[in-house]
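Data block below; observations after.
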Amino acid sequence: MTNEFESFKKNIAAAKIAVLGLGISNVPLIRFLYESGARNITAYDKFASPQVLANIEMLKNNGMIKSAVTGEDYLNDIPSEKYDIIFKSPIIRPDVPSLVKAVEQGALLTSEMELFFELCPCKTYGITGSDGKTTTTTLTYKLLSAHYKGTETKVWLGGNIGRPLIDILPEIKAEDVAVLELSSFQLMTMKKSPDVSVITNITPNHLDVHKDYNEYIEAKKNILENQGANGVIVLNDKNEITAGIAAECISKGKRVRMFSAYKSAISEFTKGAEGYGFLNEGNLKYVSSLNNIIKYSIARSELKVPGIFNGENLLTAIAACADTITQADVEAVATEFTGVSHRCELVRELDGVKYYNSSIDSSPNRTIQTLSVFDGNVVMIAGGKDKNIPYDDIGPVICEKVKALILIGPTAEKIEAAVKACNKFDEKILKILHPNNYKEAVKYACENAKSGDCVLLSPASTSFDLFRNFEERGNTFKELVLEL
């Protein structure tokens, strides 16, 4: 047990604690707090759903919480309760008036992820970005797992992927490694950075929660703001925002590694990084600029996952692990990795038509990347909840790749407007359909696809209009496809 952990346990016993939100990460947080000695915990949640009520009952029955508050006005009485520590779920903004007042009165506003980073004894890898972070996180975890296989070192996977690690923190040893996917919401108030900080890219996203694009960018940048002198920063040199961050970090003497599968030589990159990953003559290469030696190389054709962006995800993971892994680790992972569920996932082939589930595509940029995998003849299902981000760029790509567009959900009108605004749009070539539900959407897709075509679920929007999350949306699509 580290000194930080021992000190935490001594101080937490007497603290009056509020935990806001009873979702995936905060139930393990409460368990961890209780097992660490906390005995004065109150749980809060806006919703009184069956799952939330079940969590409350379980926590009460086990003596882990004193009480619980639910309902639309669940945060109103926070200041009057005079809490010492308030743990908020990532989606709750820190500038909610009742929370601002509580902080002014002396409460510490923090989160499960912030606490994990404060107490974690081992090396940490944190991955964020608008697109590709789950696949990159998975690849980073697999590369490190391959390297440490058969040793005492254990590689832990958590954050927005895998399980929350907070309640198993006592099991994590100093010689272990933790790999975490981090969202902009988790990063907004973080006061400690991972040892290796990765930003895959930054494009407009989650503007239904963030005040504006600048706040979203600053949240992403926060992943590297509190690094120590030996911290490593991995950034995308093709993305305008992250390339600018790289130049700024290099000018401050920070350790930066860069990647872009859209560049083919070190000379094309921002100068001053300690390593570069790129695609050269069909090979994904990572070169150390310290000695100009190719440290890792793998033929793109060896990858089992399609799309140049998946090659870029691998380059990103390699760059993150470049001071640890071997060429053999890269080859083992690259030739065996078949992708992550809900990301251009082949569901089945029926009557010569291939059905793909890419429910993770919750932004126009994600859908544009996914469509780049296909040559054309795509029947696409799109639409969902709006995140207040522009759809202009998606129109030309849909006109180029899609033969039938099936739109459902609140963003249907925005996507259709973007398509019809494109000078390539021809209603005789591209059919646009509006089903009433997902079952009808899959039926329309089947009816409009012929042998050699692909049916693709790529919503370009979030799932929260009809589903709890993108996984439920993708699983619903897969079930309907398998019933055809």
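Just so you know, we're using the working numbering here: the sequence shown kicks off at 154 and counts up by one.
Positions of the beta carbon are idealized from the N, C-alpha and C atoms, including for glycine.
{"Item": "Among Ala201, Gly190, Ile183 and Gly312, which one has its Cα closest to the Cα of Ser160?", "Value": "Gly190"}
{"Item": "I need the boundaries of the beta strand (DSSP E) containing Asp198, first residue and last residue.", "Value": "Ile194 to Asp198"}
{"Item": "Cutting at 6 Å between CB atoms, please list the residues of its own chain near Ile218, excluding the five before and the five after it.", "Value": "Ile194, Ala196 and Leu212"}
{"Item": "Figure out for me which residue from Pro181, Ser220 and Glu371 has the closest Cα to the Cα of Phe269.", "Value": "Pro181"}
{"Item": "State yes or no: is the C-beta of Asp226 within less than 8 Å of the C-beta of Lys276?", "Value": "no"}
{"Item": "How is Ser450 classed by DSSP in three states: helix, strand or coil?", "Value": "strand"}
{"Item": "How about Ile451 and Ala487: are their beta carbons less than 8 Å apart?", "Value": "yes"}
{"Item": "Tell me whether the segment 396-404 and the segment 294-313 touch, counting them as touching only if at least three CB pairs, one residue from each stretch, are closer than 8 Å.", "Value": "no"}
{"Item": "Any idea if Asp528 is buried or exposed, counting beta-carbon neighbours within 10 angstroms, 16 or more meaning buried?", "Value": "exposed"}
{"Item": "Give the C-beta separation of Phe422 and Asn389 to the nearest angstrom, bearing in mind that I take them to be a contact with Cβ-Cβ under 8 Å.", "Value": "Not confirmed; about 11 Å, so no contact."}
{"Item": "Quick one: grab the DSSP three-state call for Lys163.", "Value": "helix"}
{"Item": "Just verifying my parser: in three-state terms, what is the DSSP assignment at Ala426?", "Value": "coil"}
{"Item": "Given that a residue counts as buried once 16 or more other Cβ atoms are within 10 Å of its Cβ, and exposed if not, what is Gln522?", "Value": "buried"}
{"Item": "Just checking, does the segment 171-181 make contact with the segment 234-244 on the three C-beta pairs under 8 Å criterion?", "Value": "yes"}
{"Item": "Reducing DSSP to helix, strand and coil, say where Leu318 ends up.", "Value": "coil"}
{"Item": "With a cut-off of 8 Å, do at least 3 Cβ pairs link the segment 298-308 to the segment 355-362?", "Value": "no"}
{"Item": "Kindly indicate which residue of Gly285, Pro232 and Phe462 has the alpha-carbon position closest to the one of Gly259.", "Value": "Pro232"}
{"Item": "Tell me, please, whether the segment 530-537 touches the segment 605-613 by the rule of three or more beta-carbon pairs shorter than 8 Å.", "Value": "yes"}
{"Item": "Using DSSP with H/G/I as helix, E/B as strand and the rest coil, what is Lys540?", "Value": "coil"}
{"Item": "Where do the N-terminal and C-terminal ends of the beta strand (DSSP E) with Ile170 fall, by residue?", "Value": "Ile170 to Leu173"}
{"Item": "Could you pull the start and end residues of the alpha helix (DSSP H) that Ser337 belongs to?", "Value": "Ser337 to Leu340"}
{"Item": "Taking the alpha helix (DSSP H) that Gly464 falls in, what are its first and last residues?", "Value": "Ile461 to Ala473"}
{"Item": "Could you pull out every residue in the same chain whose Cβ sits closer than 6 Å to the Cβ of Ile319, ignoring the five residues on either side in sequence?", "Value": "Pro181, Leu182, Phe185, Glu265 and Phe269"}
{"Item": "Identify which residue in Gly406, Asn383 and Glu334 has its Cα closest to the Cα of Lys373.", "Value": "Glu334"}
{"Item": "Decide if the segment 327-343 is in contact with the segment 507-515; the criterion is three or more beta carbon pairs, one per stretch, under 8 Å apart.", "Value": "no"}
{"Item": "Per DSSP, which residues does Tyr294 bridge with? Please list them.", "Value": "Bridge partners of Tyr294: none, in fact."}
{"Item": "Per the contact definition of three or more C-beta pairs closer than 8 Å, is the segment 430-439 in contact with the segment 464-483?", "Value": "yes"}
{"Item": "Which partner residues of Leu262 appear in the DSSP bridge assignment?", "Value": "Ile239"}
{"Item": "Curious, which full-length alpha helix (DSSP H) runs of at least 4 residues does the segment 555-607 contain?", "Value": "565-573 and 591-601"}
{"Item": "Using the three-state DSSP reduction, which class does Leu456 fall into: helix, strand or coil?", "Value": "coil"}
{"Item": "Taking Cβ positions, are Lys407 and Ile386 nearer each other than 8 Å?", "Value": "yes"}
{"Item": "Along the beta strand (DSSP E) that carries Thr439, what are the first and last residues, could you check?", "Value": "A quick correction: the sequence has Tyr, not Thr, at residue 439. Unbroken beta strand (DSSP E) run through Tyr439: Asn436 to Ser441."}
{"Item": "Can you find at least 3 beta carbon pairs, one from the segment 554-563 and one from the segment 585-603, that sit closer than 8 Å?", "Value": "yes"}
{"Item": "Residue range of the alpha helix (DSSP H) that Phe630 falls in?", "Value": "Phe623 to Leu635"}
{"Item": "Can you look up Leu268 in the DSSP assignment and give me helix, strand or coil?", "Value": "helix"}
{"Item": "Could you name the residues of the same chain whose beta carbon sits closer than 7 Å to that of Ala475, not counting the 5 residues immediately before and after it, in chain order?", "Value": "Arg410, Gly428, Tyr439 and Lys448"}
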